[in-house]
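**Student:** Have a look at this one.
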Amino acid sequence: MIQIISGEKGVGKTKKLIAMANEAGKTCNGHVVFIDDDNRHMYDLHYNIRFVKTNFQMDDQKILFGFICGILSQDSDIEQIYIDGLHNIVKNLSNDDIAEFVKELEKISTSENVDFKLIISGNPDALPESAKQYLI
Numbered sequence: 039m040i041q042i043i044s045g046e047k048g049v050g051k052t053k054k055l056i057a058m059a060n061e062a063g064k065t066c067n068g069h070v071v072f073i074d075d076d077n078r079h080m081y082d083l084h085y086n087i088r089f090v091k092t093n094f095q096m097d098d099q100k101i102l103f104g105f106i107c108g109i110l111s112q113d114s115d116i117e118q119i120y121i122d123g124l125h126n127i128v129k130n131l132s133n134d135d136i137a138e139f140v141k142e143l144e145k146i147s148t149s150e151n152v153d154f155k156l157i158i159s160g161n162p163d164a165l166p167e168s169a170k171q172y173l174i
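According to the numbering used here, the sequence shown is numbered sequentially starting from 39.
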């Protein structure tokens with residue numbers, strides 16, 4: 039399953055994502071991973087959640103997808119992955135890139151039984167049609 043939180047800056051997307059992650063950290067049988075581009079919210083997360091900071095800005099969504107696959111290859115018990123700020127982690131991200139990234143996440147979500155929840159900043163109406171179905 040994929041869920042996308044989208045909206046303009048300052049509408050509370052990160053707070054909502056952290057609340058969702060914290061709830062999962064308390065109730066999931068498997069592991070929960072939270073990926074962010076900085077350490078600001080590390081201490082806002084439940085202690086059961088594995089916090090992963092990207093130490094560099096990635097050039098495209100393929101690098102992020104490989105990064106996620108690397109995390110999944112190290113732990114077969116991951117049930118949920120939260121990504122705070124897709125546009126902060128990936129340098130140049132077009133609507134076509136978002137559509138491709140979501141398509142790849144769909145495949146790995148199904149094959150590995152992992153749920154993804156992510157933030158995409160900006161107007162939700164501007165998202166590609168293939169990503170709009172995942173908006174919450």
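Glycine is no exception: its CB is placed at the ideal position from the N, C-alpha and C atoms.
#1: Terminal residues of the continuous beta strand (DSSP E) containing Q41?
#2: Can you tell which of D82, N77 and I42 has its C-alpha closest to the C-alpha of E61?
#3: Please confirm if the region 62 to 73 is in contact with the region 167 to 174, defined as three or more CB-CB distances below 8 Å between the two stretches.
#4: Contact between the region 160 to 168 and the region 117 to 133 is defined here as three or more beta-carbon pairs at a separation below 8 Å; is this criterion met?
#5: Under 8 Å Cβ to Cβ from A59, same chain only, skipping five residues before and after it: list those, please.
#6: Going by beta carbon distance, what residues of the same chain come within less than 6 Å of A105, once the five residues before and after it are set aside?
#7: Which value, in whole angstroms, describes the spacing of the CA atoms of A57 and I43?
#8: Could you give the distance in angstroms between the alpha-carbon of D74 and the alpha-carbon of K129?
**Tutor:** Taking the geometry as given:
#1: Looking at the DSSP string, the run of the beta strand (DSSP E) that includes Q41 is I40 to G45.
#2: Comparing Cα-Cα distances from E61 to each of D82, N77 and I42, the minimum goes to D82.
#3: Not touching, per the Cβ criterion.
#4: Verdict: yes, contact present.
#5: Excluding sequence neighbours, A59 sits near V70, F72, L83, H84, I87, Q118, Y120 and K155.
#6: The sequence shown places Phe at residue 105, rather than the Ala named in the question. Excluding the 5 residues flanking it on each side, F105 has no same chain C-beta neighbour closer than 6 Å.
#7: Those two C-alpha atoms are separated by around 13 Å.
#8: When rounded, the distance between both Cα atoms is 14 Å.
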